[in-house]
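Undergrad: So that you can map any letter, position 77 of the sequence shown is 76 in numbering that gives the first Met the number 0, and since no number is skipped, the others follow by simple counting.
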Amino acid sequence: MDKRNFLKALTLTGATGLFDLRNLNGQTIGHMETIVNRVFAPDETGKYTLPNLPYAYEALEPHIDRQTMQLHHDIHHQGYVNGLNNATEKVNEAIKVDDYGLIKHWQRELAFHGAGHFMHSIFWENMGPAQGKRSSSLEKYMKGSFGSFDSFKKYFTAAATAVEGSGWGILGYQPKADKLVVLQAEKHQNLSQWLTVPFLVIDVWEHAYYLKYQNRRGAYVNAFFNVINWEAVSNRFEKIRGGY
Ligand code: MN3
């Protein structure tokens, strides 16, 4: 199997794994991350590539037309892939030469294009000409989180419709609370890349440091490195890598 077909096969495998959040014994979920790692990941040269549509442009007609799908996938998504590659290159360069003068700009670019790439990659996969069936696990979580599928549908529809300006409606799994959540995203990032799983964070709201450091946020960030528990961070990282 050549690389293109191999990636395509993984994409299709991933599509069936998307909703398989957790087995009924409550063990292992995390297929989304697995899919990101295998399919949306950069290739061996470090470049992200546009994933193939797992069906024909016209496969979703009459609901979504061929021309929209072609423009959306080939032009818009490709633009995010190109932007993500460029931002990644610029950030790597900044790290290499230790010059962070433009870091705010490139982090914004990285988040915008990275989020765009990941979100569209999921979007293509979570649609298809065949509807399939929701797993018993997903049904259980929908019932537990929203009461019923019909309630979820009404809620999701209202939330997606009410997104201010450009954005997304999102059904997500909140692993800490072990429940499903519906979120809106304006644009698609607001400085996050959806599907990224945080495992080391620092609060830089003023309430976290102002009493001691006042306006000197940099001094607080430096001091933070003296109190990181690397064992806990490493444990969390290994859990994430293995799925939740
Ligand atoms: Mn789009």
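Built from N, CA and C at the ideal position, the CB exists for glycine as well.
Note that this is a predicted model, so its numbers are computed, not measured.
With DSSP collapsed to three states, give me the class of Val181.
TA: Note: Val181 maps to strand in three-state DSSP.
Undergrad: Mind listing, in chain order, the continuous beta strand (DSSP E) runs of no fewer than 3 residues lying wholly within the region 135-186?
TA: If we require 3 residues or more, the beta strand (DSSP E) runs fully inside the region 135-186 come out as 166-173, 178-185.
Undergrad: For the putative contact between Trp123 and His72, defined by C-beta atoms under 8 Å, what is the C-beta separation to the nearest angstrom?
TA: Between His72 and Trp123 the Cβ distance is about 7 Å, and since that is below 8 Å, they are a contact.
Undergrad: Pull up the distance between the alpha-carbon of Met68 and that of Glu57, whole angstroms please.
TA: Each residue's Cα considered, the two are about 8 Å apart.
Undergrad: Within 10 angstroms of its Cβ, does Gln173 collect 16 or more other Cβ (buried), or is it exposed?
TA: So Gln173 ends up on the exposed side.
Undergrad: Once you ignore the five residues that flank Tyr212 on each side, which residues in its own chain have a CB closer than 6 Å to its CB?
TA: Here the set comprises Ala218, Tyr219.
Undergrad: Check whether the Cβ of His116 lies closer than 8 Å to any heavy atom of ligand 1, and answer yes or no.
TA: Because no heavy atom of ligand 1 lies under 8 Å away, the Cβ of His116 does not count as near it: no.
Undergrad: Quick one: Cα of Gly78 to Cα of Ala207, how far?
TA: Looking at the two C-alpha atoms, the distance is approximately 38 Å.
Undergrad: To the nearest angstrom, report how far apart Met31 and Asn225 are at their CA atoms.
TA: Since pLDDT at Met31 reaches only 42, below the 50 mark, its modelled position is unreliable, and the value read off the structure follows with that caveat. Approximately 34 Å, taken between the alpha carbons.
Undergrad: Can you tell me where the alpha helix (DSSP H) with Asn214 in it begins and where it stops?
TA: Run containing Asn214: none; DSSP gives neither H nor E here.
Undergrad: Where does His112 land, buried or exposed, given buried means 16+ other C-beta within 10 angstroms?
TA: That one is buried.
Undergrad: Okay, do the region 73-92 and the region 140-147 touch, 3+ Cβ pairs below 8 Å being the bar?
TA: Touching, no, given that fewer than three Cβ pairs across the two stretches are closer than 8 Å.
Undergrad: Is Phe323 near ligand 1, in the sense that its beta carbon is under 8 Å from a heavy atom of that ligand?
TA: Outside the modelled stretch of the chain, which goes from 0 to 243, sits residue 323, for which no answer is possible.
Undergrad: Ligand 1 and Phe39: does the residue's C-beta get closer than 8 Å to at least one heavy atom of that ligand?
TA: It does not: the Cβ of Phe39 is nowhere closer than 8 Å to a heavy atom of ligand 1.
Undergrad: Keeping to the same chain, check which residues put their C-beta closer than 7 Å to that of Leu170; ignore five residues upstream and five downstream.
TA: Once the five neighbours on either side are set aside, the close Cβ partners of Leu170 are Phe155, Leu179, Val181.
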